[in-house]
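Q: Supplied in structure tokens, the structure appears directly below.
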Amino acid sequence: MSTPLAQVAFWRSGLLLGLIALLGVALLVGVHDLTRARIAEQEHQLMMQQLSEVLPRSYYDNDLVSDVTTLTDRGAFGHDRPIRIFRARREGQPSAVIMEVVAPDGYNGDIRLLAGIDRDNTITGVRVVSHRETPGLGDPIERRRSDWIESFRGRSLQDPSLERWTVRSEGGDFEQFTGATITPRAVVHALARALAYHEQRSDKIFAREADRDDA
Ligand SMILES: Cc1cc2nc3c(=O)[nH]c(=O)nc-3n(C[C@H](O)[C@H](O)[C@H](O)COP(=O)(O)O)c2cc1C
Numbered sequence: 018m019s020t021p022l023a024q025v026a027f028w029r030s031g032l033l034l035g036l037i038a039l040l041g042v043a044l045l046v047g048v049h050d051l052t053r054a055r056i057a058e059q060e061h062q063l064m065m066q067q068l069s070e071v072l073p074r075s076y077y078d079n080d081l082v083s084d085v086t087t088l089t090d091r092g093a094f095g096h097d098r099p100i101r102i103f104r105a106r107r108e109g110q111p112s113a114v115i116m117e118v119v120a121p122d123g124y125n126g127d128i129r130l131l132a133g134i135d136r137d138n139t140i141t142g143v144r145v146v147s148h149r150e151t152p153g154l155g156d157p158i159e160r161r162r163s164d165w166i167e168s169f170r171g172r173s174l175q176d177p178s179l180e181r182w183t184v185r186s187e188g189g190d191f192e193q194f195t196g197a198t199i200t201p202r203a204v205v206h207a208l209a210r211a212l213a214y215h216e217q218r219s220d221k222i223f224a225r226e227a228d229r230d231d232a
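Per the working numbering, the sequence shown starts with residue 18, numbered consecutively.
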């Protein structure tokens, strides 16, 4: 049989252990919440940075990130990935969009882009957001690798005409890369589809309800 003194020591250690465990859990929850908030903030900053690279700030005075609508359209885009469209407005009037564009036929799967398109259906800028193309072959689509992606700025379906929205080796207006035609062709075709979509449905895009939660 244990003495009363031993019993007190036993309960005291139990209590201490419980307290330490509780403190540990509280600390973990706190760190998790802090990290999540920081990641969300960093993602927001990165998104704002990318948006500003494809559409000059002078185009809008609304909060782009909360004026988003998401849609899918296999017929128009050739894939059924959800596409987010950020709507730019100046003094309440539609001024441009930034579309998430997916080229599903890259050498190694989806190439994801952001494209700014103004009300005249002219491209204001394009950036590659993610891809898995081969380094040294397909990656000149990235702005930090080459200025190829800048060749779309100012272009529309009138400049060049639709049949010339492909790479030079197929009679198009856009350069391919040495030994790599698949990647640039996939990007050029996806941008032409985005322009065609925007040309036909710009008003409908602006009439849609904004997504409720863009988190
Ligand atoms: C290992 C390997 C990786 C390749 N990666 C790419 C790529 O990322 N993008 C691309 O367009 N072509 C890539 N290619 C080349 C394509 O298979 C294809 O030959 C090329 O795009 C056709 O371009 P061309 O008409 O200029 O020869 C790769 C080829 C090999 C063998």
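Glycine residues also receive a C-beta, built at the ideal position from the N, C-alpha and C atoms. Note that this is a predicted model, so its numbers are computed, not measured.
Please report how far the alpha carbon of D50 lies from the alpha carbon of L44, in whole angstroms.
A: 10 angstroms
Q: Ligand 1 and T183: does any heavy atom of the ligand fall closer than 7 angstroms to the residue's C-beta?
A: no
Q: Within 10 Å of its beta-carbon, does V46 have 16 or more other beta-carbons around it, so buried, or fewer, so exposed?
A: When all chains shown are included, V46 counts as exposed.
Q: Quick one, what's near ligand 1 if you take every residue whose CB is closer than 5 angstroms to any heavy atom, in chain order?
A: Taken from the N-terminal end onward, the list reads Y124, E150, T151, L154, G155, A197, T198, I199 and T200.
Q: Take the Cβ of W28 as the centre, count every other Cβ of all protein chains shown within 10 Å, and call the residue buried at 16 or more, exposed below.
A: exposed
Q: State the DSSP-derived secondary structure class of E180, mapped to helix, strand or coil.
A: helix
Q: Given this structure, state the Cα-to-Cα distance separating V25 from T52, to the nearest angstrom.
A: 41 angstroms
Q: Among the residues of its own chain, which have a CB less than 6 angstroms from the CB of D231, if the five just before and after it don't count?
A: Reliability fails at D231, whose pLDDT of 45 lies under 50, so the model's placement of it is uncertain and the value that follows must be treated cautiously. Closer than 6 angstroms at Cβ, skipping near neighbours: V85.
Q: As a quick exercise: from R149, E108, I134 and A113, pick the residue whose alpha carbon is nearest that of G123.
A: R149
Q: Hey, how far is the Cα of T139 from the Cα of A54?
A: 37 angstroms
Q: Grab me the residues of Y77's own chain with a C-beta within less than 8 angstroms of its C-beta, minus the 5 sequence neighbours each way, in chain order.
A: A105, R106, R107, S112 and A113
Q: Kindly indicate the opening and closing residues of the alpha helix (DSSP H) around P201.
A: Boundaries of the alpha helix (DSSP H) harbouring P201: I199 to A224, taken from the DSSP string.
Q: My understanding is that L154 touches R144, with C-beta atoms under 8 angstroms, so please give their C-beta distance in whole angstroms.
A: Rounded, the Cβ-Cβ distance is 20 angstroms, inconsistent with contact.
Q: Hey, could you find the ends of the alpha helix (DSSP H) R53 is sitting in?
A: From DSSP, the alpha helix (DSSP H) with R53 extends over P21 to V71.
Q: Would you kindly check if the distance between the Cβ of T89 and the Cβ of R101 is under 8 angstroms?
A: no
Q: Report the rounded CA-to-CA distance for A93 versus V204, giving the unit in angstroms.
A: Going by the C-alpha atoms only, they are around 15 angstroms apart.
Q: What would DSSP say about E167, mapped onto helix, strand or coil?
A: helix
Q: Excluding sequence positions up to five away, which residues of its chain have a Cβ less than 6 angstroms from the Cβ of N242?
A: The requested residue 242 is not part of the displayed model; the chain covers only 18 to 232.
Q: Please say whether T183 and R170 have beta carbons closer to each other than 8 angstroms?
A: no
Q: What are the boundary residues of the beta strand (DSSP E) that includes R104?
A: From DSSP, the beta strand (DSSP E) with R104 extends over I100 to R107.
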